[in-house]
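Read through the structure below, which is laid out as structure tokens, and then see the notes.
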DNA sequence: GTGAAAGCGCTAACAT
DNA sequence: ATGTTAGCGCTTTCAC
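Chains as they are written, first to last, in UniProt numbering: chain A, 1 to 337; chain B, 1 to 337.
Below, the structure is given as structure tokens:
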């Protein structure tokens, strides 16, 4: 069934059918009803590809992810919901970490005539920056996870600096002075902000960052376990608390401590960042800083549509606040045990 | 840049450009090189929408999910990877649980001329069955999560019955006789199979399913907590082990037990199903049955392509085996403590 | 081996 | 208010 068939069946021209399909004015109610009837009876469904070609508007939003992991589900969920509800379709792409794949996928979206791209940056590189800048000249792009400081491209980011500050202040207010830190991978610019927050708060309080207190991770639970091991083995003074860059590494750290017979939070306090689902069910329930990822996704897609509607919009960088979630993994040293 | 511009620039016809773009024969090497050069220089990228209309082949696969949750990430990851690598794009859709939304999304995929649909069924209803049957007459559909017994539609399913049997046998071999069960939600047909396995194994061993031993859940951690509470309060004889329908409810159950001061696995053993990421990091490390979801997704997309290539293929229902993962949450009653 | 031309199924400008 | 028609950017016969 195509528009031509419906036109013939309804005894009108294809232009008229097109008008009623698209709810456009200029058709007598009587005729409109008749056409609608025929459409319904024959279950006519317009070919969106043809429509796209003709109208030069695809009604498709492109999504570009590095590897597809649980971290993205809420954001992607928000994006899909918003688009589907608005009558937009979303084309999703993931690059399994390899950069060539990412470039290929970016081009695929471009060739698909998507109206805008939501780009989850993941690991930022110079090459990537160039490509993003280039594509953004043709198609509106909104960045997630990481912004490009020097470029005027809209982005929505969690307030990682502010969130880490909140975490650190909570630790400090709970009486902790010897605080260790599990770092994000080096390429995560946003992770660097958390590290800066850690350093700033330590400095502001005149707490010394002892040797061995800062250990790296790749955000995995396993790397958190390893980092905790390093903190203990490489510090001559045991910390009373450790702030992990995400909940996963916090969980890994706790696991290591337990295996060593060190109680959390009695002996050492551990704090995470993210508030992933398991955080509130882990034992001890994880004290962390919440990042509302559904909200982040929602804001990002809205920003993208703003940007599509008004390409000249000043590129806006939206910072989403994080909020402290106090649970059981941090001990208040001011209290008696 | 469109094909016409390239043709002019290269001094050939658009047909020739089309041939080289699509790596088709019938072009002198010399000319082919020349055209490629021009394409490269001007970064010409073919408009896939136009190609789709002209060739009547969209190169798009549709994905239909109920709500988008962490459970789907691995499967979706596998699907996207496979498609992207094959030069296919994937259009993703999620229905936030509401059925009207699902029907709308199904039509959206249809109108988008997708070449095949991967349908994560979630909750099965009569209405849904009809719609699936109908759409499958036009577009190849492969079902995930749940099959429709009476319809000849390909599906790939985890072997939920077999998996639960493995879990139960492990419990039995570990000396457990008083085994409780946390059920899946009623609408999950696959969950029912796990329940049947539980009943069958209990019966085969002449173990009594005591009152209160079977409690419902909605798969959430919270509902597992609640189910465990019910098991304890409604049974006059405490079980020595409980099999949960998924890892989430197993974790909820363990949390409840710990709060009650009941040790796992010393006092009560708890076993899950799924092997979600946190399972191996939870304390105690969760004994469970592994369902390789990446594999499931991979098989599903392969099956879909088979189906697309050969629509008359006898609809195949692929059952993916599950495997026992022994960790620390089940006690062997045959051992001394 | 190469090009001209006829669509693909729509939308949108232009007539009427 | 309705119809005619010219594209949209490609692929694909069919001639040459």
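Cβ atoms here follow ideal geometry from the backbone N, Cα and C, with glycine treated the same way. Note that the structure is predicted; figures quoted are calculated from it, not measured.
{"Check": "Name, going along the chain, the residues of the segment 43 to 56 of chain B whose beta-carbon falls closer than 8 Å to a beta-carbon of chain A.", "Outcome": "45, 46, 47, 48, 49, 50, 52 and 53"}
{"Check": "Using a Cβ-Cβ cut-off of less than 7 Å, list which residues of the segment 104 to 120 of chain B approach chain A; keep chain order.", "Outcome": "105, 107, 108, 110, 111, 112 and 113"}
{"Check": "Measuring straight from C-alpha to C-alpha, what distance separates residue 338 of chain A and residue 242 of chain B?", "Outcome": "Given that chain A is displayed from residue 1 to residue 337, the structure contains no residue 338 of chain A and the question cannot be resolved."}
{"Check": "Can you give me the start and stop residues for the alpha helix (DSSP H) that residue 99 of chain B sits inside?", "Outcome": "99 to 111"}
{"Check": "Compute the Euclidean distance between the alpha carbons of residue 112 of chain B and residue 50 of chain A, then round it to the nearest angstrom.", "Outcome": "9 Å"}
{"Check": "In angstroms with no decimal places, state the Cα-to-Cα distance between residue 117 of chain B and residue 18 of chain B.", "Outcome": "29 Å"}
{"Check": "For residue 317 of chain B, report the span of its beta strand (DSSP E) as first-last.", "Outcome": "317 to 320"}
{"Check": "Quick one: what's got a C-beta closer than 8 Å to residue 61 of chain A's C-beta in the same chain, skipping five residues either side?", "Outcome": "79, 83, 88, 89, 90, 91, 114, 115, 116, 117, 118, 301 and 304"}
{"Check": "Is the beta carbon of residue 93 of chain A less than 9 Å from the beta carbon of residue 109 of chain A?", "Outcome": "yes"}
{"Check": "Using CA coordinates, which residue listed in B:234, B:106, B:297 and B:40 is at the minimum distance from residue 66 of chain B?", "Outcome": "B:106"}
{"Check": "Taking DSSP as the reference, what is the three-state secondary structure of residue 282 of chain A?", "Outcome": "coil"}
{"Check": "When DSSP builds the beta bridges, which residues end up paired with residue 323 of chain B?", "Outcome": "B:290"}
{"Check": "If we count the other Cβ atoms within 10 Å of its Cβ and call it buried at 16 or more, is residue 170 of chain B buried or exposed?", "Outcome": "buried"}
{"Check": "Residue 234 of chain B: which of B:266, B:180 and B:55 sits nearest, CA to CA?", "Outcome": "B:180"}
{"Check": "To the nearest angstrom, report how far apart residue 202 of chain A and residue 127 of chain A are at their CA atoms.", "Outcome": "35 Å"}
{"Check": "What are the residues of the segment 68 to 99 of chain A that lie near chain B, defined by any Cβ-Cβ distance shorter than 7 Å?", "Outcome": "68, 69, 70, 73, 76, 77, 80, 81, 84, 89, 90, 91, 92, 93, 94 and 96"}
{"Check": "Check residue 162 of chain A in the structure and name its three-state DSSP category.", "Outcome": "helix"}
{"Check": "Kindly list, in the order they appear in chain B, the residues whose Cβ is closer than 8 Å to that of residue 255 of chain A.", "Outcome": "281 and 283"}
{"Check": "In chain order, what are the residue ranges of uninterrupted alpha helix (DSSP H) at least 4 long that sit wholly in the segment 110 to 141 of chain B?", "Outcome": "126 to 136"}
{"Check": "For residue 324 of chain A, decide whether its Cβ has a neighbour in chain B, counting only Cβ atoms nearer than 9 Å.", "Outcome": "no"}
{"Check": "Residues in its own chain within less than 7 Å of residue 175 of chain B by CB, not counting five upstream and five downstream?", "Outcome": "332, 333 and 334"}
{"Check": "Measure the CB-CB distance between residue 273 of chain B and residue 251 of chain B and report whether it falls below 9 Å.", "Outcome": "no"}
{"Check": "State the beta-bridge partners of residue 143 of chain A as determined by DSSP.", "Outcome": "A:119 and A:155"}
{"Check": "Closer than 9 Å, CB to CB, is residue 6 of chain B near chain A or not?", "Outcome": "no"}
{"Check": "Expressed to the nearest angstrom, what Euclidean distance is found between the alpha-carbon atoms of residue 77 of chain B and residue 206 of chain B?", "Outcome": "43 Å"}
{"Check": "Can you list, in chain order, the residues of its chain whose CB lies under 7 Å from that of residue 290 of chain A, leaving out five sequence neighbours each side?", "Outcome": "275, 322, 323 and 325"}
{"Check": "In chain order, which continuous runs of the beta strand (DSSP E) of length 3 or greater are located wholly inside the segment 189 to 259 of chain B?", "Outcome": "241 to 244"}
{"Check": "Residues of chain A with CB closer than 8 Å to the CB of residue 251 of chain B, please, in chain order.", "Outcome": "278 and 281"}
{"Check": "Using a Cβ-Cβ cutoff of less than 6 Å, which residues in the same chain neighbour residue 1 of chain A once the five nearest sequence positions on both sides are dropped?", "Outcome": "42 and 44"}
{"Check": "So, residue 75 of chain B versus residue 143 of chain B, is the Cβ gap smaller than 9 Å?", "Outcome": "no"}
{"Check": "Measure the alpha-carbon distance for residue 140 of chain B versus residue 86 of chain B and round it to whole angstroms.", "Outcome": "18 Å"}
{"Check": "Any beta carbon from chain A within less than 9 Å of residue 39 of chain B's own beta carbon?", "Outcome": "no"}
{"Check": "Do the CB positions of residue 244 of chain B and residue 182 of chain B come within less than 9 Å of each other?", "Outcome": "yes"}
{"Check": "Given this structure, state the Cα-to-Cα distance separating residue 148 of chain A from residue 259 of chain B, to the nearest angstrom.", "Outcome": "47 Å"}
{"Check": "Does the beta carbon of residue 101 of chain A sit closer than 9 Å to a beta carbon anywhere in chain B?", "Outcome": "yes"}
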